[in-house]
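In the working numbering, the protein residues as written are 9 to 293.
From the three backbone atoms N, C-alpha and C, an ideal C-beta is built for every residue, glycine too.
Only one structure is covered here, and it is reproduced in the block below.
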């Protein structure tokens, strides 16, 4: 069990390192001013950040998810396993419920982590603050309310997202012990499916958590953010802004995570023939 968790943590970290640049692109596109956009699209955003801010710009805020992936995996694995044991039948509905429960609980950890990540990602130029410095600064000014800004939207996003993630994975594998290649493919598709299911809520979450960084706060709450965004941008197209880069990121991130976990378990003496063993699903990215 301890080795499963360690492998999941290392695999999660590998996924973060692979996917963080495109996550930065996603956040920049979601939060940029509609009236005066800096970026024309995902590729233009990527090139601009790389040119002006170098590779470091693409990895702004990466320490936050790296630091939190271990705790998040512990919560996700523990919750998912316990709920699954409660539903002894192990059907697809139970997979969804177990995943949704795991997603809800990990939101309490994920929300502050993503708050720090997003605030660092939207900064232009060199940042002097790290993720922990950012959270300490917020705590001193706003205490627990500031730290959990955007929590409701994080929970609204992650509860169904993790349900869809585990449901899709089990559906694609048929609940059977599959090969490493099948694990990679199924994990990648599951990651994409989970984002497609909840992406609009992620846009609202990003806007709420980045609100007030460069000026006065504009949004009272999530509903006000949605209404004001629809009014200002004259439609709902903003709810899919950055979706392409997110889907492009989701497949390799989850595939890499599964690959790393698989090879680590193969090297373990506990599971010498790992291709014939079920894999404990890592954190959805």
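{"Asked": "Whose C-beta lies closer than 7 Å to the C-beta of residue 17 among residues of the same chain, with five residues either side of it excluded?", "Found": "77, 78 and 81"}
{"Asked": "What is the residue span of the alpha helix (DSSP H) that residue 74 lies within?", "Found": "71–94"}
{"Asked": "Could you have a look at residue 295 and say whether DSSP puts it in helix, strand or coil?", "Found": "The requested residue 295 is not part of the displayed model; the chain covers only 9 to 293."}
{"Asked": "Hey, how far is the Cα of residue 257 from the Cα of residue 268?", "Found": "17 Å"}
{"Asked": "For residue 142 and residue 153, which I take to be in contact (beta-carbon distance under 8 Å), what is that distance rounded to the nearest angstrom?", "Found": "Contact flag wrong, Cβ pair sits at about 16 Å."}
{"Asked": "Answer yes or no: do residue 217 and residue 122 have a C-beta to C-beta separation smaller than 8 Å?", "Found": "yes"}
{"Asked": "Relative to the alpha-carbon of residue 72, which residue among 37, 20, 166 and 174 has its alpha-carbon at the smallest distance?", "Found": "20"}
{"Asked": "What did DSSP end up calling residue 221 once you bin it into helix, strand or coil?", "Found": "coil"}
{"Asked": "May I ask which residues mark the beginning and end of the alpha helix (DSSP H) holding residue 168?", "Found": "159–181"}
{"Asked": "Locate the alpha helix (DSSP H) running through residue 46, then write down its first and last residues.", "Found": "Neither: residue 46 is in no alpha helix (DSSP H) and is coded neither H nor E."}
{"Asked": "Please list, in chain order, all residues of the same chain as residue 249 whose beta carbon is under 6 Å from its beta carbon, the five residues on each side excluded.", "Found": "37 and 38"}
{"Asked": "Report the three-state DSSP secondary structure of residue 186 (helix, strand or coil).", "Found": "coil"}
{"Asked": "Within this structure, are the beta carbons of residue 211 and residue 168 separated by less than 8 Å?", "Found": "no"}
{"Asked": "Is residue 177 near residue 160, with beta carbons less than 8 Å apart?", "Found": "no"}
{"Asked": "Please report the straight-line C-alpha distance between residue 50 and residue 213, rounded to a whole angstrom.", "Found": "19 Å"}
{"Asked": "Taking the Cβ atom as the reference point for each residue, do residue 170 and residue 86 lie within a distance shorter than 8 Å?", "Found": "no"}
{"Asked": "Could you name the residues of the same chain whose beta carbon sits closer than 6 Å to that of residue 203, not counting the 5 residues immediately before and after it, in chain order?", "Found": "254 and 258"}
{"Asked": "Excluding the five sequence neighbours on either side, which residues of its own chain have a C-beta within less than 7 Å of the C-beta of residue 190, listed in chain order?", "Found": "181"}
{"Asked": "Buried or exposed for residue 237, please, with buried defined as at least 16 other CB atoms from any protein chain shown within 10 angstroms of its CB.", "Found": "buried"}
{"Asked": "Helix or strand or just coil, what does DSSP make of residue 235?", "Found": "helix"}
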